[in-house]
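Reviewing the structure listed below.
There are 2 protein chains.
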Amino acid sequence: MMRVGLLVSGSGTNLQAILEAAAQGDLNPALPALVISNRPDAPALERARRAGIETLVVDHRPFLRRADFDRALTRALRQHQIDLVALAGFMRIVGPELLSAFPDRVVNIHPSLLPSFPGLHAQRQALLYGAKISGCTVHFVDDGIDSGPIIAQAAVEVQPHDDEAALSARILAQEHLLYPRVLRALAEGRVHRDGRRAWIRP
Amino acid sequence: MMRVGLLVSGSGTNLQAILEAAAQGDLNPALPALVISNRPDAPALERARRAGIETLVVDHRPFLRRADFDRALTRALRQHQIDLVALAGFMRIVGPELLSAFPDRVVNIHPSLLPSFPGLHAQRQALLYGAKISGCTVHFVDDGIDSGPIIAQAAVEVQPHDDEAALSARILAQEHLLYPRVLRALAEGRVHRDGRRAWIRP
């Protein structure tokens, strides 16, 4: 089994999709083993508890330096023997200590077809730009903003009358399919990376 | 009928797709009326002649200033009573005089899902970035590089073993479907633009 640590900040709908995939055996050999939230009130924590997954709050606010928060996260992940770190709506930057502790083992999902629309409010960015196709991207995390090597993407049509909520919902449905699939592939050793080019082998 | 002037520089496979759509009546009420090449040896010219479309060479090299080349293009388009200008592999920047002479009437096709991978060698950029989904975009031309309002896009999967030629061919097949469809919609007055957001009405 590959023990997955999930970092969350908010409602955790991607977390929910991952937990449901795990409950149905579709995530094997990836095993959600720990959920860490930087916010004590994140609804994602309750989802994890309901699924019987260990939870931890590492509140970023008491840390004066970002590196200390990063160190605390890294220590917690190590103490729980985590093999793979998956960001699921985690609203803090992951720092160099965590990244070097988990080389090629920190992934994120982003609601656009990167490199289009990185950063916050990707769906709103796509609407304001007038994109006709958007989607979602699972990528390795590097030291930039949504700039790491892409593992998988799924496309979604933007409809003429979409508002941010409608487009976000359509993309989210694809996120919920894509992220569990990639976590499983990572755990099965089917993700191959050569520089910036990463691929899921069948 | 809406008379379309097509600007080309090279082989003109998009031009060919447009001419074939016109021959089959699928471009109506858009009518390819003039093909202008900035290169006297562009194979696109021969395609146009074979289809019985008037051709013109406006070689950019004798013009010392870009604005003079732009003025010559604008004059030629006006003399031929062109209503709509479509770039089809035109490798020169379209200048402000032409753009202001044809407001919302200059369009281009680009081989990526803009805003990803603008500029030259978009397919190569997509491969080097490791994108899993790319495609093509038809957009209004503005004074930036591939930055104008998007009218339509089509998505294409990038395959693990794609080289630039393979990906380009897969995108080109979608370009050949998308561009005639957009030209027809423009001629039928079905393209509606509100700021950056443009849409084809059914």
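Residue numbers (this note's numbering), protein chains in the order written: chain A, 1 to 202; chain E, 1001 to 1202. Ideal Cβ placement from N, Cα and C applies to all residues, glycine included. The structure displayed is predicted, hence computed values, not measured ones.
Beta-bridge pairing of residue i - partner residues as DSSP gives them
i, result
"E:Asn1108", "E:Leu1087, E:His1139"
"E:Leu1025", "Sequence inspection shows Gly at residue 1025 of chain E; the Leu mentioned does not correspond to that position. E:Gly1025 pairs with nothing; no bridge assigned."
"E:Leu1177", "Looking at the DSSP assignment, E:Leu1177 forms no beta bridge with any residue, so it has no partner."
"A:Met2", "A:Ala30"
"E:Ile1082", "E:Ile1082 pairs with nothing; no bridge assigned."
"A:Ala198", "A:Arg193"
"A:Leu114", "Partner(s): none; A:Leu114 has no beta bridge."
"E:Ile1133", "E:Glu1157"
"A:Val58", "Per DSSP, none; premise fails for A:Val58."
"E:Leu1007", "E:Ile1036, E:Leu1087"
Beta-carbon proximity list for residue i, same chain, < 6 Å, skipping 5 on both sides
i, result
"E:Glu1054", "Leu1034"
"E:Asp1142", "Gly1148"
"E:Arg1184", "Leu1027, Ala1030"
"A:Leu98", "Asp70, Leu73, Thr74"
"E:Ala1122", "Pro1111, Ser1112"
"E:His1060", "Asn1038, Phe1069, Arg1092"
"E:Pro1118", "Ile1145, Asp1146"
"A:Leu7", "Ile36, Leu87, Phe90"
"E:Val1156", "Ser1134, Gly1135, Arg1170, Ile1171, Gln1174"
"A:Arg196", "Pro149"
Burial state of residue i (16 or more Cβ within 10 Å)
i, result
"A:Gly25", "exposed"
"A:Ala67", "exposed"
"A:Ser168", "buried"
"A:Glu175", "buried"
"E:His1139", "buried"
"A:Ala152", "buried"
"E:Ser1116", "buried"
"E:Ala1165", "exposed"
"E:Met1001", "exposed"
"A:His110", "buried"
"A:Leu64", "exposed"
"E:Asp1070", "buried"
"E:Asp1194", "exposed"
"E:Ile1171", "buried"
"A:Leu120", "exposed"
"E:Gly1130", "buried"
"E:Arg1125", "According to the sequence as given, residue 1125 of chain E is Gln; it is not Arg. With 16 or more Cβ atoms within 10 Å of its Cβ, E:Gln1125 is classed as buried."
"A:Ile150", "buried"
"A:Gly135", "buried"
"E:Gly1223", "For chain E, the structure presents residues 1001 to 1202; residue 1223 of chain E sits outside this window and is missing."
"A:Gly12", "buried"
"A:Gly189", "exposed"
Residue i versus the options, residue with shortest Cα-Cα distance
i, options, result
"A:Gly95", "A:Pro111, A:Thr74, A:Ala173", "A:Thr74"
"A:Ala198", "E:Val1182, E:Glu1097, E:Arg1196, E:Ile1133", "E:Ile1133"
"A:Tyr200", "E:Asp1194, E:Arg1190, E:Gln1159", "Per the sequence shown, the amino acid found at residue 200 of chain A is Ile instead of Tyr. It is E:Gln1159 whose Cα lies nearest to the Cα of A:Ile200."
"A:Phe102", "A:Gly130, A:Asp83, A:Ile93", "A:Asp83"
"E:Ala1023", "E:Arg1105, E:Arg1196, E:Pro1180, E:Ala1187", "E:Pro1180"
"E:Ser1009", "E:Gln1016, E:Ala1021, E:Pro1040", "E:Pro1040"
"A:Thr137", "A:Arg124, A:Ser112, A:Gln125", "A:Ser112"
"A:Asp162", "A:Leu56, A:Val58, A:Ala187, A:Leu128", "A:Leu128"
"A:Ala21", "A:Gln79, A:Val182, A:Ile145", "A:Val182"
"A:Met91", "A:His192, A:Ala42, A:Ile150, A:Glu157", "A:Ala42"
"E:Ala1154", "E:Arg1003, E:Leu1114, E:Gly1144", "E:Leu1114"
"A:Arg78", "A:Arg3, A:Pro202, A:Arg196, A:Val191", "A:Arg3"
"A:Gln81", "A:His192, A:Gly5, A:Ala173, A:Leu186", "A:Gly5"
Beta-carbon proximity list for residue i, same chain, < 8 Å, skipping 5 on both sides
i, result
"E:Leu1019", "Pro1032, Arg1047, Ala1048, Ala1051, Ile1053"
"A:Ser100", "none"
"E:Val1205", "Chain E is shown only over 1001 to 1202; residue 1205 of chain E falls outside these bounds and no answer can be derived."
"A:Val107", "Leu84, Val85, Ala86, Leu87, Val138, His139, Phe140, Val141, Ile151, Val182, Leu183, Leu186"
Spatial neighbours of residue i in its chain, beta-carbon cut-off 7 Å, leaving aside the 5 residues before and after
i, result
"E:Arg1105", "Asp1083, Leu1084, Val1085"
"E:Asn1014", "Ala1088, Gly1089, Ile1109, Glu1175, His1176, Tyr1179"
"A:Ala76", "Ile36, Leu56, Val58"
"E:Gln1016", "Arg1047"
"A:Ala173", "none"
Exercise for the section: Can you check the region 25-56 of chain A for any alpha helix (DSSP H) of at least 4 residues that lies completely inside it and give the ranges in chain order? Expected result: 43-50
Exercise for the section: Just list the beta strand (DSSP E) runs in the region 1149-1176 of chain E, keeping only unbroken ones of 3 residues or longer that don't cross its boundaries, in chain order. Expected result: 1150-1157
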